[in-house]
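One structure below.
Residue numbers (the working numbering), protein chains in the order written: chain A, 1 to 317; chain B, 1001 to 1264.
Below, the structure is given as structure tokens:
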């Protein structure tokens, strides 16, 4: 069942599965993580917000790992999200500029996948990647850039050039739109209507993933009914508007083992265990349960619960 | 007489690369480049701008290693999106980084080694922001181990950063922003002041000969006719470096943390 896009009453849950209930003036986009993954389909192009090991929607990624979803084209500034999806054979093609866990610079499961020749790739510069998301958001076929000229990216990625129609006549790379069927983003707060707040020092490019996607699903550390009744002073932290949000689910610690500033840092111990597990023979099927769990409650418990995650110190650069 | 180490000498040389750059973002990735940028800002080039490595601009460079999360004093804000808009794509940045390979054209690689694009022998980070950095703003490099595996013959395995290779110049493209400045290694300092921007050795670290440098390089290097010795930092500079590296992380950059001037 999809999100309830109508105006909902009382506790906001519409009766039955019809999807729309009109009473009290609250758009209710609450869904379960399982509902969200059920909205995705094989072969989709899926954007994942965050940056490396930071503010990744890992709980939603784990839900994908518990599902049969496959043949994904994943578009991400990659961390363990990309590593795990590659390890599990969910990725047909990866659009990336890097995949890294920061403190562990080379993402071990991504490396295994690449060195086995298991995935197709479109490798991009971090900045031109952003250009692709912006082109998609604005409905443009491409945005012009100098980035990529003089490197191997254009030839390997099949990127074409355009010539400026003005007197300068400059040759530029036409960075194609990175149109996303869906995007997954983890935020600090949201209300039922999808009014999000991204706290912490940097929200990276989450807003452009949201705008580049047909549908964006948001997990959050804290869900409230009406954000204006709870956190009106933080309205500037709304990095993207609720028209870009199709569904929302509350999953505290949802970025673990990655960081979610300012609430918790990344879990170095968990990342080390994850990296160790990739060593030969490095069979994902044999270790998957440790890093995915039967469900989120089971997963969190195995890493010490909410209290342990809340105590993880923010990384210092 | 100083007790400067080779690490200190490289930091001092790195700081020189940032001298007189103006009000631009100085980025040093890794202990030596970062301490070099910090030393430059705290001594001869206070106009340099710098971040805390996360999202804030700081006027007091942050020291390396563990410290209180809120110890840094925020003077401004430069999250990733603004970093590209304000620093990278306006050319207002000079970055010093350590790629995996560099070739005689100054083309660099940190993406993958060997094999093919779809089946690399060794996957590394990916090109990160190097294609954009190298076509828009000045860049320098630091290599702790000068060897033919780093300074490769021919071209790098995947061109992740723009160099001065005429064969890679796309007709009509604007390459005016390409500015490779300095290469600092455990042996010497190099610039791109040779013929057609060829790499040219401009100083040798104490006790190192040009022949040693050439033997460790996979292509022919140019050189200054009279090669000076790379400057060794004095007591004042060493004090600044020590203050910016309170945990002594720089001591781990080179094996056995050798002195700047080898024992006779």
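C-beta: ideal position from N, C-alpha, C; glycine also.
- Task: State the DSSP-derived secondary structure class of residue 253 (chain A), mapped to helix, strand or coil.
- Result: Locating residue 253 (chain A) in the first chain gives position 253, where the first residue counts as 1. Coil at residue 253 (chain A), not helix or strand.
- Query: Going straight from the alpha carbon of residue 60 (chain A) to that of residue 1111 (chain B), what length do you get?
  - Reply: For this step, residue 60 (chain A) is matched to residue 60 along the first chain. For this step, residue 1111 (chain B) is matched to residue 111 along the second chain. Going by the C-alpha atoms only, they are around 28 Å apart.
- What's the C-alpha gap between residue 197 (chain A) and residue 189 (chain A)? Here the question's residue 197 (chain A) lines up with position 197 in the first chain. Here the question's residue 189 (chain A) lines up with position 189 in the first chain. Those two C-alpha atoms are separated by around 5 Å.
- Query: Which chain B residues are close to residue 238 (chain A), counting only those with a beta carbon under 9 Å from its beta carbon?
  - Reply: Here the question's residue 238 (chain A) lines up with position 238 in the first chain. Under the 9 Å cutoff, chain B gives no residues; its nearest Cβ is about 15 Å from residue 238 (chain A).
- DSSP state of residue 1208 (chain B), grouped into three classes? To locate residue 1208 (chain B), count along the second chain from 1; it is residue 208. Of the three classes helix, strand and coil, the one that applies to residue 1208 (chain B) here is coil, per DSSP.
- Message: What does DSSP give as the partner residue(s) for residue 184 (chain A) in the beta ladder?
- Response: Along the first chain, read from residue 1 onward, the residue named residue 184 (chain A) stands at position 184. DSSP, once it has assigned bridges, lists A:48 and A:217 as partnering residue 184 (chain A).
- Message: Starting from residue 1094 (chain B), trace the beta strand (DSSP E) in both directions and tell me its first and last residue.
- Response: Locating residue 1094 (chain B) in the second chain gives position 94, where the first residue counts as 1. Note, residue 1094 (chain B): beta strand (DSSP E), 1093 to 1097.
- Query: Closer than 9 Å, Cβ to any Cβ of chain B: which residues of the region 197 to 221 of chain A, in chain order?
  - Reply: 200, 201, 202, 203, 204, 205, 207 and 208
- Task: Name the two residues that bound the continuous beta strand (DSSP E) containing residue 176 (chain A).
- Result: Taking the first residue of the first chain as 1, we reach residue 176 (chain A) at position 176. Element bounds for residue 176 (chain A): 171 to 176.
- Query: What is the DSSP secondary structure of residue 53 (chain A), reduced to helix, strand or coil?
  - Reply: The sequence position of residue 53 (chain A) within the first chain is 53, counting from 1. Of the three classes helix, strand and coil, the one that applies to residue 53 (chain A) here is coil, per DSSP.
- Could you pull the start and end residues of the alpha helix (DSSP H) that residue 1135 (chain B) belongs to? Within the second chain, residue 1135 (chain B) is the residue found at index 135, counting from 1. Start and end: 1130 to 1136.
- Same chain, Cβ closer than 7 Å to residue 125 (chain A), neighbours up to 5 away in sequence not counted: Translated into the one-based positions of the first chain, residue 125 (chain A) becomes position 125. Correct list, in chain order: 97, 147, 148 and 153.
- Message: Please list, in chain order, the chain A residues whose beta carbon lies closer than 9 Å to that of residue 1174 (chain B).
- Response: Working through the second chain from its first residue, we reach residue 1174 (chain B) at position 174. Those within 9 Å of residue 1174 (chain B) in chain A are 146, 149, 168, 170, 171 and 172.
- Item | Continuous alpha helix (DSSP H) stretch holding residue 1032 (chain B): start and end | Indexing the second chain from 1 puts residue 1032 (chain B) at position 32. Unbroken alpha helix (DSSP H) run through residue 1032 (chain B): 1031 to 1042.
- Under three-state DSSP, which class holds residue 121 (chain A)? Counting from one through the first chain, the residue named residue 121 (chain A) turns up at place 121. Strand, per DSSP.
- DSSP beta-bridge partners of residue 290 (chain A): Locating residue 290 (chain A) in the first chain gives position 290, counting from the first residue. DSSP output for residue 290 (chain A) lists no bridge partner at all.
- Using a Cβ-Cβ cut-off of 7 Å (strictly less than) and excluding sequence neighbours within five positions of residue 1134 (chain B), which residues of its own chain qualify? Taking the first residue of the second chain as 1, we reach residue 1134 (chain B) at position 134. The answer, listed in chain order, is 1161, 1162 and 1178.
- Item | residue 1121 (chain B) (DSSP reduced to helix, strand or coil) | Residue 1121 (chain B) sits at position 121 when you count from the first residue of the second chain. The answer is strand: DSSP assigns residue 1121 (chain B) an E or B state.
- Message: Would you say residue 1092 (chain B) lies against chain A (beta-carbon separation less than 9 Å)?
- Response: Locating residue 1092 (chain B) in the second chain gives position 92, counting from the first residue. So, not an interface residue.
- Task: Return yes when the Cβ of residue 83 (chain A) is within less than 9 Å of the Cβ of residue 183 (chain A), no when it is not.
- Result: Here residue 183 (chain A) refers to the residue found at position 183 of the first chain. Here residue 83 (chain A) refers to the residue found at position 83 of the first chain. Going by C-beta atoms, residue 183 (chain A) is not nearer than 9 Å to residue 83 (chain A).
- chain A partners of residue 1067 (chain B), CB-CB under 7 Å? Along the second chain, read from residue 1 onward, the residue named residue 1067 (chain B) stands at position 67. What residue 1067 (chain B) touches in chain A: 316.
- Item | Beta-carbon proximity check, residue 1014 (chain B) vs residue 1025 (chain B), cutoff 9 Å | Here residue 1014 (chain B) is taken as the residue at index 14 of the second chain, counted from 1. Here residue 1025 (chain B) is taken as the residue at index 25 of the second chain, counted from 1. No, the Cβ-Cβ distance between residue 1014 (chain B) and residue 1025 (chain B) is not below 9 Å.
- Distance, residue 203 (chain A) Cα to residue 311 (chain A) Cα: On the first chain, residue 311 (chain A) is found 311 positions in, with the first residue counted as 1. On the first chain, residue 203 (chain A) is found 203 positions in, with the first residue counted as 1. About 21 Å.
- Message: So the candidates are B:1208, B:1021, B:1035 and B:1020; which of them puts its Cα closest to the Cα of residue 1238 (chain B)?
- Response: Counted from its first residue, the second chain places residue 1238 (chain B) at position 238. Of the candidates B:1208, B:1021, B:1035 and B:1020, the one whose C-alpha sits nearest the C-alpha of residue 1238 (chain B) is B:1035.
- Task: Please compile the residues from chain B whose C-beta is within a distance smaller than 9 Å of the C-beta of residue 49 (chain A).
- Result: One-based indexing of the first chain puts residue 49 (chain A) at position 49. In chain order: nothing, as chain B lies at least about 12 Å away.
- Other residues of its chain near residue 219 (chain A): CB distance less than 6 Å, five sequence neighbours each side excluded: As a position in the first chain, residue 219 (chain A) is number 219, starting the count at 1. For residue 219 (chain A), where only same-chain residues beyond five positions count, the Cβ hits under 6 Å are 57, 59, 60, 186, 249, 251 and 254.
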